[in-house]
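Heads up: the structure comes next, in structure tokens.
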């Protein structure tokens with residue numbers, strides 16, 4: 003119902019003018035460099051660079067600079083898919099599990115189930131697939147000639163500067179950056195005036211990754227010393243070792259080449275080692291023939307083995323003018339990136355966190371490159387390979403992309419869309435052949451390689467139903483925030499429909515409804531709460547999970563609306579009728595009672611109120627379910643608040659998640675949030691997944707930072723969304739400004755994206771919201787809660803001003819219209 007009161011129209015003629023942007027987000031980003039005032043030899047101390055495909059870690063030793071290379075496209079693509087004939091069907095396994103006594107403490111106490119679980123987990127225990135590190139390059143120097151001082155990473159343009167001091171006390175800087183349109187790393191030495199400086203490096207070494215399997219085809223070493231180049235080429239086999247013919251290879255083999263080139267000749271020299279003997283230089287190691295001015299370029303070529311040249315291509319000597327052209331082009335790309343949105347906050351910590359993580363996001367992912375796994379495009383040896391570095395579909399894969407919507411970087415969500423599209427065939431096959439149901443069941447774990455079965459079909463986690471609606475949620479959000487009907491029609495609708503078809507069929511199975519339930523509901527059974535309980539004897543805790551219910555309801559409602567938007571309700575009538583029937587007989591969200599806080603949401607029926615969660619299951623209805631929030635009635639808000647106070651979370655999977663949930667219900671303590679982030683920060687500026695609490699899966703002997711060294715946690719690049727939701731929310735199509743921000747703290751944001759394809763800018767200063775700017779990209783109806791109690795006025799480019807006497811505005815807009823709201 004429209005709540006806008008009478009509008010009084012006043013013509014303002016040519017007197018109308020728009021407020022100027024008061025800050026540059028590019029300049030704000032420049033205020034937050036990542037610095038290190040000493041050598042940074044550890045992988046997690048180094049500066050992170052990247053172009054969305056290739057990733058580079060720049061580390062500094064007292065005697066060298068070392069670059070570590072990775073790429074989202076470069077994987078060990080072998081996959082184990084054994085035991086297909088032993089897995090059986092869902093119905094067969096369900097009936098056998100159902101027959102087991104509910105007196106067992108664990109299902110694995112039964113010999114058959116234990117053996118079955120071990121068999122179905124066998125493929126996942128293989129060391130592949132995994133991201134494959136692309137090698138490293140070392141620039142060494144004599145410490146008698148130079149001293150390593152530290153480094154500085156300018157996140158506004160991705161320029162890393164390594165600072166050295168020569169023996170005659172002159173400052174010299176190694177400038178390093180990634181080309182943003184090709185997989186190259188450029189570097190050069192400059193003096194204090196920024197001009198080409200003397201070369202203090204005396205050797206270069208290229209190294210293949212130490213984790214390269216012995217059964218791989220031999221690394222091909224390539225040296226062109228006179229031309230200043232060293233390279234290696236590595237073939238990545240398609241088949242497992244027992245099936246792979248190393249001589250013939252496979253048509254689907256992949257390969258990559260890492261080539262380091264400098265602007266001076268190289269030569270092999272010898273040195274006297276520590277035991278007094280002459281020592282030759284290692285393969286792919288050489289001395290630099292010094293000359294004034296030092297420029298280098300390291301390129302990474304990857305793709306099908308048949309397309310990566312068999313021999314080292316002709317080497318192009320790096321030139322300073324080519325480096326500067328790449329730097330200028332990259333800087334413009336970064337300026338365009340930062341221009342999409344920006345924040346200017348009185349809280350420096352939160353502002354820095356916002357810019358740092360959007361920088362990392364741009365380095366880590368882009369459309370056209372393989373969707374990043376758990377640890378994105380930075381890897382070395384075994385760093386970045388835990389859990390195969392794969393796609394975990396019960397939050398890890400989705401979380402970094404949550405920031406793309408409100409931050410106005412929708413193009414950064416396209417890699418996620420690409421992933422879901424690639425998973426559709428195996429998901430349809432699993433629904434058909436394992437579940438014997440229509441639609442698609444999206445797997446718990448997945449890889450960017452050729453898959454024909456579920457990678458982790460163990461019922462313990464392989465029966466999580468929530469992952470199917472969760473997988474397609476980001477496609478619907480993409481439409482909601484963009485208003486792009488063509489995207490909805492051509493890319494989002496079909497995966498959404500497949501998920502809905504599966505969910506409807508699953509909930510209408512005779513086991514999921516009927517007299518045995520003593521109600522008329524359609525239940526989600528069996529299922530498993532995310533990261534909790536697993537499959538239990540007697541299926542206790544294995545039905546109607548909060549995550550399943552909230553996400554299934556979300557995707558059902560989305561499907562109804564999508565069908566209406568696309569005007570295909572007649573074609574989809576049968577499925578729509580079933581969706582509406584199930585929604586009319588949908589189970590209630592599970593609750594429990596806390597003696598201290600009262601009624602609370604929990605993860606699953608029959609659960610008590612003292613559970614220590616891993617994934618923050620209890621508040622799923624607020625996020626990602628979006629069924630509850632600041633729009634909810636007083637009774638629901640009370641339960642949400644009780645749940646917030648009552649919940650216990652062990653950490654490891656909640657840095658972004660739990661704080662975003664809190665912001666959605668207006669209960670995020672920003673100071674506590676900052677302490678949580680600060681506790682999780684690593685020297686490179688990224689946030690790790692760190693343990694917070696015992697009595698769940700962790701105990702008093704658990705190293706609380708045990709995940710710090712696993713890799714760079716891509717998922718935590720979603721942190722900006724927490725700040726965005728404190729500044730503006732629009733999840734239910736009503737824009738709320740500063741809903742979780744202290745009014746005594748100045749804050750300004752530009753072009754945060756809202757549902758309905760609105761770009762919103764606002765400024766809070768001295769306790770008052772001074773101005774709101776809204777750009778309508780799609781011509782949707784604008785609904786917004788205004789922050790002024792004494793009325794306001796809205797001006798448009800047409801020169802018309804309307805006075806608004808209500809604090810709630812609901813008004814039509816036209817495509818491209820710009821509106822300015824101010825208090826009276």
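Numbering (this note's numbering), first residue to last: 3 to 826.
Backbone N, C-alpha and C define an ideal beta-carbon position, used for all residues, glycine too.
Under the three-state reduction of DSSP, residue 346 is assigned to strand. Under the criterion of beta carbons closer than 8 Å, residue 68 and residue 140 qualify as touching, at roughly 5 Å. For the pair residue 214 and residue 524, the Cα-to-Cα distance works out to about 51 Å.
Put simply, the segment 731 to 747 touches the segment 778 to 792. At least three CB pairs are less than 8 Å apart.
Uninterrupted beta strand (DSSP E) stretches at least 3 residues long and entirely within the segment 726 to 775 occur at 737 to 739, 749 to 756 and 760 to 767, given in chain order. In this structure, the CA atom of residue 196 is about 9 Å from the CA atom of residue 174. The beta carbons of residue 79 and residue 345 sit about 40 Å from each other, so the pair does not count as a contact at 8 Å. Boundaries of the beta strand (DSSP E) harbouring residue 188: 186 to 192, taken from the DSSP string.
Taking a C-beta distance under 8 Å as the contact criterion, residue 206 and residue 268 qualify as a contact pair. Residue burial annotation: residue 453 is buried, with at least 16 other C-beta atoms found within 10 angstroms of its C-beta. In chain order, 783 place their CB closer than 6 Å to the CB of residue 814, counting only its own chain and leaving out the 5 sequence neighbours on each side.
For residue 565, DSSP records no beta bridge to any residue. About 10 Å separates the beta carbons of residue 548 and residue 589, which is beyond the 8 Å limit, so they are not a contact pair.
For residue 328, the enclosing alpha helix (DSSP H) starts and ends at 322 to 340. Comparing alpha-carbon positions, the option among 497, 87 and 463 lying closest to residue 528 turns out to be 463.
When DSSP states are grouped into helix, strand and coil, residue 280 belongs to the strand group.
When the alpha-carbon of residue 519 is set against those of 43, 546 and 317, the nearest one is in 546. Residue 703 sits exposed, since fewer than 16 C-beta atoms from the chains shown fall within 10 Å of its C-beta. Counting along the chain, no beta strand (DSSP E) covers residue 401, and no H or E run does either. Non-local C-beta neighbours of residue 776 in its own chain, meaning closer than 6 Å and more than five positions away in sequence, comprise 760, 762 and 821, ordered along the chain.
For the segment 489 to 547, the continuous alpha helix (DSSP H) assignments of 4+ residues that do not extend past its boundaries occur at 495 to 509, in sequence order.
Closest by C-alpha distance to residue 328, out of 649, 53 and 354, is 53.
Residue environment analysis places residue 543 among the buried positions, since at least 16 neighbouring C-beta atoms fall within 10 angstroms of its C-beta. As DSSP reads the structure, residue 595 sits in a beta bridge with 601. Relative to the Cα of residue 246, the nearest Cα in the group 166, 429 and 218 belongs to 218. Here residue 55 is near residue 185, since their CB atoms are less than 8 Å apart. Where residue 106 is concerned, there is no enclosing alpha helix (DSSP H), because DSSP gives it neither an H nor an E. Bridge partners of residue 198 according to DSSP: 192. Contact check for residue 533 and residue 602: beta-carbon distance about 19 Å, past the 8 Å limit, so the pair fails to qualify. Nearest C-alpha to residue 612 among 87, 563 and 651: 651.
Take residue 93, set aside five residues on each side of it, and the residues of its chain with a beta-carbon closer than 7 Å to its own are 438, in chain order. In this structure, 77 is the residue among 315, 277 and 77 with its C-alpha nearest to the C-alpha of residue 384. Excluding five sequence positions before and after residue 415, the CB atoms of its chain that fall closer than 6 Å to its own CB belong to 403, 406 and 480, given in chain order. The beta carbons of residue 734 and residue 754 sit no closer together than 8 Å. Shown here for residue 648: same chain residues with a beta carbon closer than 8 Å to its own, the five before and five after excluded, namely 596, 598, 599, 602, 611 and 620 in chain order. The three-state secondary structure of residue 578, taken from DSSP, is helix.
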